[in-house]
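Number of protein chains: 2
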Amino acid sequence: MQDIQLSLTEEDYLKAIFNITEKNRGTASTNDIASSMQTSAAAVTDMVQRMASRKLLDYEKYKGVKLNSVGIAFATQLIRKERLWKVFLHQKLGMDWDKLNDAAEQLKHINTIEVIRKLELFLGSPKYDPHGEPIPNADGRFTLRNQTSLFNLRKTDRAKVVAVRNQSSSFLQFLDDCGISIGSQIEVLQEIDFDLSKRIMINDQTSIVFSSKICQDLYVKQLN
Amino acid sequence: MQDIQLSLTEEDYLKAIFNITEKNRGTASTNDIASSMQTSAAAVTDMVQRMASRKLLDYEKYKGVKLNSVGIAFATQLIRKERLWKVFLHQKLGMDWDKLNDAAEQLKHINTIEVIRKLELFLGSPKYDPHGEPIPNADGRFTLRNQTSLFNLRKTDRAKVVAVRNQSSSFLQFLDDCGISIGSQIEVLQEIDFDLSKRIMINDQTSIVFSSKICQDLYVKQLN
DNA sequence: GCATATATTTAAATTAGTTTAAAAATAAAG
DNA sequence: CTTTATTTTTAAACTAATTTAAATATATGC
């Protein structure tokens, strides 16, 4: 990686921008960044201008922000670190999956490269974090997986839960209550046209109705 | 603990002041803090005045700084976190003991209390870190140990190395080269009046001469 | 195509922490 | 006890990041 030193704040901006651009065909608006960072639009404008002058991203007035290759490289390393720490917190320390993000948020700033390399080995080079999100390798490459949201499944389809899109505590705790975790088997018993909700069988044991919002927030890998 | 939020910088100051006061009968001078923090005396004066107004320490113009009970409590927690992370880095990740401090420096700022509690359990509630320094428990209590510096031993005295006072990379690497680590057995073969150096037998295998400075930087527990 | 609403940027002020240089206090030495 | 050296504090200025309010673009409705 480059020998550019980022402030904690710049790191947080990069990660936020990366996440937004991922869902937004490559571009992030000032307001989206501001609400994601819990700050004002004015602060964002100021910061992205400074970051653009440091060549961390591309910025055009009133047109939003795009990460360039440098910004992507940094953001990817941040995501890598954060997700490795999430695996550590969950698998080694036994922390519940609804509390991982807050703790990993701080840990992602640890920038001793040797720590991260050794952590990865210690964890057995995991490819996915406890929420099912892919962990980029040291070169920044993600392991891709064909997945779809539960929303796209049809009646009688069977699948395995591979990731959660929404990672709010409340959603994760709700999934716990339903007995759903990464790896759970599910089957669509019924599609309810009325509100696009679905009746789902979980692990061949419990049946439950999921709203369309919930279905969208669960990523699955279709089986048969 | 209190619901006071400290900045990263305030945390660093507290830890530095704690370490200085430990060796300095309870008080830390502006200059000592400045050199320990690699900053200017003016910055220190400014900072300790602000910290004093936040009741984190006692400050009297031209008289230096003393930690009060609040400051001690915070500093102790920081030291607890830092030393637990050092154990993790060394025992779990296999990091060499001359590289622990830099990495733990960053990790000590992690302030998710649950992470620290679980980390402690994961590590088996160690009482000492890889440099032999005591790890305070959650209540801030240190496990004391009777130890002395190798400097104070006399001819024929036998002892076990329990801690290193100087934790610079170069000193730790030097100890590695001598085959000395925490737990090593040593015996004083000869006291050299001339310069207060000593000839030492290490683990009943190798003999080597240590300067008085080296002897002062090694803490031991006397055996017989 | 204009009026309005929304999004974004600029400007000015604020805070935490820093620096350098000058001023003041303390300590040391004759 | 006075001079000098050292330490510490104050003052003024600077940087990164923020806020609020005002100004300016862009987008939308009719």
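Chains A and B are the protein sequences, given in the same order.
Per this note's numbering, residue 1 is the first one in the first sequence, and the count goes up by one each step.
Per this note's numbering, residue 225 is the first one in the second sequence, and the count goes up by one each step.
Yeah, the Cβ is synthetic: ideal placement off N, Cα and C, and Gly gets one too.
As the structure is a prediction and not an experimental result, all values here were calculated from the model.
Residue-level contact to chain B via CB, residue i, 8 angstroms cutoff
i, result
"Thr-112/A", "yes"
"Val-87/A", "no"
"Asp-102/A", "yes"
"Leu-107/A", "yes"
"Gly-124/A", "no"
"Gly-179/A", "no"
"Met-51/A", "no"
"Leu-93/A", "yes"
"Lys-99/A", "yes"
Selection from the options that minimises the alpha carbon distance to residue i
i, options, result
"Gln-216/A", "Asn-166/A, Ser-207/A, Arg-117/A and Phe-74/A", "Asn-166/A"
"Ala-75/A", "Ala-104/A, Pro-136/A, Ser-35/A and Arg-25/A", "Pro-136/A"
"Thr-367/B", "Lys-310/B, Gly-356/B, Asp-270/B and Leu-377/B", "Gly-356/B"
"Ser-125/A", "Tyr-59/A, Phe-88/A, Gly-64/A and Asn-24/A", "Phe-88/A"
"Leu-14/A", "Asp-3/A, Leu-172/A and Lys-55/A", "Lys-55/A"
"Lys-445/B", "Thr-336/B, Val-388/B, Ile-244/B and Arg-423/B", "Val-388/B"
"Arg-83/A", "Glu-60/A, Ile-116/A and Gly-64/A", "Ile-116/A"
"Arg-154/A", "Ile-186/A, Lys-63/A, Ser-169/A and Val-48/A", "Ile-186/A"
"Lys-61/A", "Val-48/A, Ile-72/A and Ser-69/A", "Val-48/A"
"Pro-354/B", "Gly-295/B, Leu-345/B, Lys-323/B and Asn-376/B", "Lys-323/B"
"Lys-332/B", "Ala-297/B, Leu-442/B and Glu-235/B", "Glu-235/B"
"Ala-252/A", "His-90/A, Glu-114/A, Leu-93/A and Lys-86/A", "A query on residue 252/A cannot be resolved here, the shown segment of chain A reaching from 1 to 224 and no further."
"Ile-228/B", "Phe-242/B, Met-425/B, Ala-297/B and Ser-405/B", "Ala-297/B"
"Asp-176/A", "Ser-40/A, Ile-17/A and Asp-96/A", "Asp-96/A"
"Leu-119/A", "Lys-316/B, Ile-241/B and Ile-416/B", "Lys-316/B"
"Ser-392/B", "Ile-438/B, Ser-373/B, Asn-376/B and Val-412/B", "Ile-438/B"
"Gly-94/A", "Gln-330/B, Phe-346/B, Cys-402/B and Ser-394/B", "Phe-346/B"
"Arg-274/B", "His-314/B, Lys-247/B, Ser-231/B and Asn-248/B", "Ser-231/B"
"Cys-402/B", "Phe-375/B, Ser-436/B, Ser-431/B and Gln-262/B", "Ser-431/B"
"Arg-145/A", "Lys-127/A, Arg-158/A and Asp-157/A", "Lys-127/A"
"Asp-157/A", "Pro-134/A, Ser-170/A, Val-188/A and Ser-149/A", "Val-188/A"
"Ser-394/B", "Asn-325/B, Asn-427/B, Gln-330/B and Ile-426/B", "Asn-325/B"
Cβ neighbour criterion (16 or more within 10 Å) applied to residue i
i, result
"Arg-304/B", "buried"
"Phe-418/B", "exposed"
"Gln-301/B", "buried"
"Leu-196/A", "exposed"
"Thr-30/A", "buried"
"Asp-32/A", "buried"
"Ala-138/A", "exposed"
"Ala-266/B", "exposed"
"Val-162/A", "buried"
"Val-209/A", "exposed"
"Ile-334/B", "buried"
"Leu-447/B", "exposed"
"Thr-233/B", "exposed"
"Thr-245/B", "buried"
"Ile-113/A", "exposed"
"Ile-180/A", "buried"
Any C-beta of chain A under 8 angstroms from that of residue i
i, result
"Val-385/B", "no"
"Leu-343/B", "yes"
"Leu-442/B", "no"
"Val-339/B", "yes"
"Lys-239/B", "no"
Anticipated Cβ contact below 8 angstroms, residue i with residue j, distance rounded
i, j, result
"Lys-160/A", "Gly-183/A", "6 angstroms"
"Arg-423/B", "Gln-414/B", "4 angstroms"
"Lys-28/A", "Val-65/A", "Per the sequence shown, residue 28/A should be read as Ala rather than Lys. Correct: roughly 5 angstroms between the Cβ atoms."
"Gln-147/A", "Tyr-219/A", "5 angstroms"
"Ala-276/B", "Ser-260/B", "About 18 angstroms separates the two Cβ atoms, so there is no contact after all."
"Phe-375/B", "Ser-436/B", "6 angstroms"
Runs of alpha helix (DSSP H) wholly within the segment 98-150 of chain A (minimum 4 residues, chain order): Entirely contained in the segment 98-150 of chain A, the alpha helix (DSSP H) runs reaching 4 residues are, in chain order, 100-107 and 113-122.
Please give the ranges of any beta strand (DSSP E) in the segment 228-313 of chain B, keeping only runs that are unbroken, at least 3 residues long and fully inside the region. As far as the segment 228-313 of chain B is concerned, its whole beta strand (DSSP E) runs of at least 3 residues are 281-284 and 288-291.
What are the start and end residues of each continuous beta strand (DSSP E) run of 3 or more residues lying completely inside the segment 397-446 of chain B, in chain order? Listed in chain order, they are 409-416, 421-426, 430-434 and 442-446.
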